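Heads up: the structure comes next, in structure tokens.
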């Protein structure tokens, strides 16, 4: 069975710094050799620190910029060969900032209707669908006639979700969709997304740095560090028994509610290296508690360590193999 | 694990009272003293321009050699010039030229500049070419450029308008380009891309409505600048032909008598100053009103 979405060897480089005659002097490798699949109705979360390239992956899948290398396929068909209407009627985005992602000079009705009219819906159909969507995301009935500035952050994010759902997409990319919201509103929106996913059979690509939220909503998790996936697996496997030293450090940083519970925090030393000059070999070796001299050599490849579970760390995979 | 909330439509009251931006905008503009005064003066000038033939004027071109350089009187409110023409009539008819040139240039330069600026800011491959062309035009002082363009053709009001428009387009184009560049990466523009809107539709629906405030303000400054350039061109004889009275050519004809009859120069100069001041007051008021509105939106 072909998955709904396949990302194959995706890399994205940005040119920074140009000489006088337009020659590129430096490139930032924001994303390197990222591959994963999302099945119909499945939720995959991309997690990692700011600047690890998780949003860049989302933007490439959303068609907001072209990949430098690699392919993005929907049902086996590449984004490069699909016209915008064909792609965006199936893949939609919920943006991070509920304030700047809605045009302040358009009425909510027109904001939600924009993808519908672009994808050839008739006037009557559009009107009915907009009403349906306003109910679906649980906005007040009269929301359509109003402007975005009349709504709170959580309500605006509902408008953004309604717009994304308008063309009945199969995959919705939630790019830090709840990060800008208050904790209580965040829970409402995450629950709304979870309900809608179940109701509509949506696949989600959930991009977030908030592991508690990810734990709540996701089926599978991919952890990124400096532009590469370092570990990928099901939620229970990955959160239950993290393998990669970076994943372990990341999970140990999640706040725990119970004050009596003992926590073994792994505190990483140093700063995130500059993506302009990443370390040779494994990019994490400069901060890794398990780093060996050999880590500076080749970039570690993702290795299978279980069903649907891959890790890019030769040190831990070797030691786990020894234990077994 | 599951922490479901009940449906919450009724628990979400509107956070602000109903308010549409349009009425808010009108209130802001009219509530601004500077804009109100400027608009009032411009309205008076517009009435003068329209009703000039009925405001106690005679033919502004009628020469009467027996009544040269007369002081103000009941027949000639502002006196007469060196050819015996009625100065009151000439200044009032001159209002027409200034207003027509000012508004025509503001509209034409803004429309063309917005077009070029939006293309330049959104279609990056054309950006370098268009902006270097704009730089080339801007590198020539606008009055010199206008003189050269009028000199190539015949002096007429239309040619003056075209010449000043060409000189003013780059100012609008550069402003619009910079605004488009700042808007094009905003999430709601990207949301437009994801919603399948074409580049033309994104420019029209998402970028232009949000860039309109600085464009309107710039248009008022261009209107004022065009009036001054027109007067300058007419003063040096490269603008409005002598057969049409304009404040610039009235001053030009009065300058020979400057030491004995300064009124012939000072009256049209005062009209020009008041008009330009009024236009600039409208512009300043609009800038403040639209700025504070932008702050409020955020």
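Chains as they are written, first to last, in the numbering used here: chain C, 589 to 912; chain L, -14 to 283. C-beta: ideal position from N, C-alpha, C; glycine also. Because the structure is a prediction, the values reported are computed rather than measured.
Following the DSSP letters along the chain, one finds residue 824 of chain C inside the alpha helix (DSSP H) bounded by residues 823 to 828. DSSP lists C/615 as the bridge partner or partners of residue 603 of chain C.
Between residue 854 of chain C and residue 841 of chain C, the gap from beta carbon to beta carbon is short of 9 Å. Distance check between residue 658 of chain C and each of C/900, C/597, C/879 and C/828 places C/597 closest, using alpha-carbon atoms only. Secondary structure of residue 819 of chain C (DSSP, three-state): strand. Against residue 175 of chain L, the close residues of chain C are 647, 650, 652, 681, 683 and 689, in the order they occur along the chain (beta-carbon pairs closer than 9 Å). Within the same chain, Cβ atoms closer than 6 Å to the Cβ of residue 91 of chain L are found at 204, 207 and 208, the five residues on either side in sequence being excluded. Residue-level contact check: residue 676 of chain C touches chain L, since one or more beta carbons of chain L fall below 9 Å from its beta carbon. Judged by pairs of C-beta atoms under 8 Å, the stretch 677 to 692 of chain C touches the stretch 734 to 752 of chain C, as three or more such pairs exist. Contacts between residue 172 of chain L and chain C, judged by CB atoms closer than 8 Å, involve 683, 684, 685, 688 and 689 in chain order. Under the three-state reduction of DSSP, residue 28 of chain L is assigned to helix.
DSSP places residue 220 of chain L in the helix class (H, G or I) of the three-state scheme.
Neighbours of residue 191 of chain L in chain C, taken as residues whose beta carbon is under 7 Å from its own, are 691 in chain order.
Distance from the CA of residue 275 of chain L to the CA of residue 266 of chain L, rounded to the nearest whole angstrom, comes to 14 Å. Membership of residue 799 of chain C in the alpha helix (DSSP H) is indicated by the continuous run 799 to 805. When the five nearest sequence neighbours on each side are left out, the beta carbons in the same chain lying within less than 7 Å of the beta carbon of residue 805 of chain C are those of 631, 778, 781, 782 and 794, in order along the chain.
Across the set L/213, L/180, L/25 and L/238, the C-alpha of L/180 shows the shortest separation from the C-alpha of residue 706 of chain C. With its beta carbon at least 9 Å from every one in chain C, residue 199 of chain L lies outside the interface. Contacts between residue 247 of chain L and chain C, judged by CB atoms closer than 9 Å, are missing: the closest CB pair is about 52 Å apart. Shown in chain order are the members of the stretch 695 to 707 of chain C whose Cβ falls below 7 Å from a Cβ of chain L: 702, 703, 706 and 707. Counted as a single uninterrupted DSSP element, the stretch harbouring residue 880 of chain C is not any alpha helix (DSSP H), since DSSP gives it neither H nor E.
Taking C-alpha positions only, residue 35 of chain L is separated from residue 228 of chain L by approximately 19 Å. In this structure residue 254 of chain L is in contact with residue 236 of chain L, their Cβ atoms being roughly 6 Å apart against a cut-off of 8 Å. The C-alpha of residue 887 of chain C lies about 20 Å from the C-alpha of residue 830 of chain C. A Cβ of chain C is located within less than 9 Å of the beta carbon of residue 195 of chain L. Contact of residue 751 of chain C with chain L by beta-carbon distance below 8 Å involves 176 and 180. Residue state for residue 659 of chain C is assigned as strand, using DSSP reduced to three classes.
Counting C-beta atoms within 10 angstroms of its own C-beta, residue 863 of chain C has 16 or more neighbours from the protein chains shown and is therefore classed as buried. By the Cβ neighbour-count rule, residue 825 of chain C is buried, with 16 or more other Cβ atoms within 10 Å of its own. Residue environment for residue 713 of chain C: exposed (fewer than 16 other C-beta atoms within 10 angstroms of its C-beta). Secondary structure of residue 244 of chain L (DSSP, three-state): coil. Counting only Cβ-Cβ distances below 7 Å, residue 672 of chain C has contacts in chain L at 181, in chain order. Between residue 748 of chain C and chain L, the shortest Cβ-Cβ separation is below 9 Å. With fewer than 16 other Cβ atoms from the protein chains shown falling within 10 Å of its own Cβ, residue 787 of chain C counts as exposed. With respect to residue 184 of chain L, residue 108 of chain L sits close: the two C-beta atoms are nearer than 9 Å.
Among the residues facing chain C, residue 240 of chain L is not included, as its CB has no counterpart in that chain under 9 Å away.
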